[in-house]
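Residue 125 in our numbering sits at position 121 of the sequence shown, with consecutive numbering throughout. To start, the structure itself, in structure tokens.
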Amino acid sequence: MKLFISADLEGVAGIVNWTEANIESSFSKYFTEQMTKEVNAACEAAIAAGATDILVKDAHSTARNLDPSKLPEQVKILRGWTRDPYSMMAGLDESYDGVLFIGYHAAAGANGNPLAHTMNMQNEYVKINGEIASELLINVYIAASMGVPALLVTGDKMICEEAQTINPHIKTVPVNEGIGNAAISIHPNVALRQIKEQVQAVLADDLSKYKVQLPETFHVEIAFREHYLAYRGSFYPGAKQTGAKTVEFAADDYMEVLRFLFFVL
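Okay, here's the thing in structure tokens:
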């Protein structure tokens with residue numbers, strides 16, 4: 005069994021403030037350790053369930069958050085950014101049996117996490133086919149484009165609820181619930197236990213149930229915080245500025261969508 009893990013930080017147990025997500029800040033040490041523990045819990049459970057090949061993509065900020073020495077020896081880790089359109093899913097290909105998303109969070113334009121955003125802090129929202137698009141949705145679609153099932157999502161309550169609207173079979177572990185600029189969190193050790201339980205449960209299941217069907221066409225809209233970013237984005241081939249702060253793009257091929265997001269977002 006070959007598994008891919010995409011790990012973020014703004015959805016790990018207890019996190020609530022941007023200083024805790026900035027690895028240059030001393031406040032972040034505890035939370036990068038918790039991120040490592042949550043990824044490790046998923047890896048340990050996967051190995052116990054028969055996984056023989058696990059690649060972890062450190063997918064937060066500098067992509068240098070996880071402590072590789074605290075992960076099982078069977079695990080490989082992709083640190084840093086490849087600078088290709090796959091971004092948080094770099095390293096994934098059609099050979100993988102499934103993807104686990106650890107530490108994910110609510111989208112820009114949503115209120116389920118004090119740290120809600122999509123890819124960066126320059127946009128108010130990203131929409132795909134008229135719906136707010138989270139990093140989770142963007143990345144689940146990457147997996148779907150390769151025929152790889154999305155098995156598990158951990159993070160805030162809102163992103164876990166979104167996961168089950170994408171595919172109700174996806175296992176979830178909600179560790180935080182955002183309330184305004186605050187969050188209620190479960191105990192970090194409880195989070196680790198629940199992650200292990202849900203990984204074991206999903207890997208004992210029929211993984212084909214977890215595949216996601218890509219839409220046939222894509223219409224993307226980005227609303228930027230600054231108007232000049234929409235103007236700049238309008239020069240991307242096929243893109244159109246549709247408002248002072250909005251730019252739109254349409255394609256039938258999801259790779260074209262990823263290229264647009266990579267160069268414009």
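All C-beta atoms in this analysis are idealised placements derived from N, C-alpha and C, irrespective of residue type, glycine included. Treat the numbers as computed from the prediction; the structure is a model and nothing was measured.
From residue i to residue j, what distance separates their C-alpha atoms?
i           : j           : result
residue 71  : residue 108 : 18 Å
residue 88  : residue 48  : 29 Å
residue 248 : residue 131 : 16 Å
residue 229 : residue 14  : 21 Å
residue 186 : residue 160 : 12 Å
residue 217 : residue 148 : 6 Å
residue 78  : residue 56  : 7 Å
residue 241 : residue 199 : 42 Å
residue 158 : residue 51  : 18 Å
residue 91  : residue 264 : 13 Å
residue 38  : residue 17  : 7 Å
residue 166 : residue 214 : 14 Å
residue 245 : residue 180 : 36 Å
residue 12  : residue 83  : 12 Å
residue 233 : residue 252 : 12 Å
residue 261 : residue 173 : 26 Å
residue 8   : residue 145 : 14 Å
residue 85  : residue 269 : 16 Å
Are the beta-carbon atoms belonging to residue i and residue j less than 8 Å from one another?
i           : j           : result
residue 133 : residue 112 : no
residue 143 : residue 105 : yes
residue 175 : residue 101 : no
residue 60  : residue 81  : yes
residue 93  : residue 10  : yes
residue 117 : residue 54  : no
residue 224 : residue 195 : no
residue 206 : residue 141 : no
residue 73  : residue 27  : no
residue 150 : residue 75  : no
residue 110 : residue 190 : no
residue 119 : residue 25  : yes
Where DSSP assigns a beta bridge to residue i, which residues make up the other side?
i           : result
residue 191 : Bridge partners of residue 191: none, in fact.
residue 108 : 159
residue 182 : 187
residue 80  : 59
residue 6   : 57
residue 223 : 254
residue 175 : 156
residue 11  : 62 and 106
residue 266 : DSSP, once it has assigned bridges, lists no residue as partnering residue 266.
residue 2   : Residue numbering for the chain in the displayed model covers 5 to 269; residue 2 lies beyond these limits and cannot be assessed.
If we count the other Cβ atoms within 10 Å of its Cβ and call it buried at 16 or more, is residue i buried or exposed?
i           : result
residue 202 : buried
residue 124 : exposed
residue 193 : exposed
residue 231 : exposed
residue 121 : buried
residue 227 : buried
residue 208 : exposed
residue 221 : exposed
residue 98  : exposed
residue 239 : exposed
residue 237 : buried
residue 36  : buried
residue 256 : exposed
residue 210 : exposed
residue 267 : exposed
residue 250 : buried
residue 135 : exposed
residue 219 : exposed
Please confirm whether residue i has its beta-carbon closer than 8 Å to some beta-carbon of chain D.
i           : result
residue 212 : Of the chains in the structure shown, none is chain D; there is only one protein chain.
Check whether the Cβ of residue i lies closer than 7 Å to any heavy atom of the ligand FAD, and answer yes or no.
i           : result
residue 145 : Of the ligands one can find in the structure shown there are none, so the ligand FAD has no counterpart to examine.
Touching by the beta-carbon criterion (3+ pairs, under 8 Å), the region 43 to 57 and the region 17 to 24 | no
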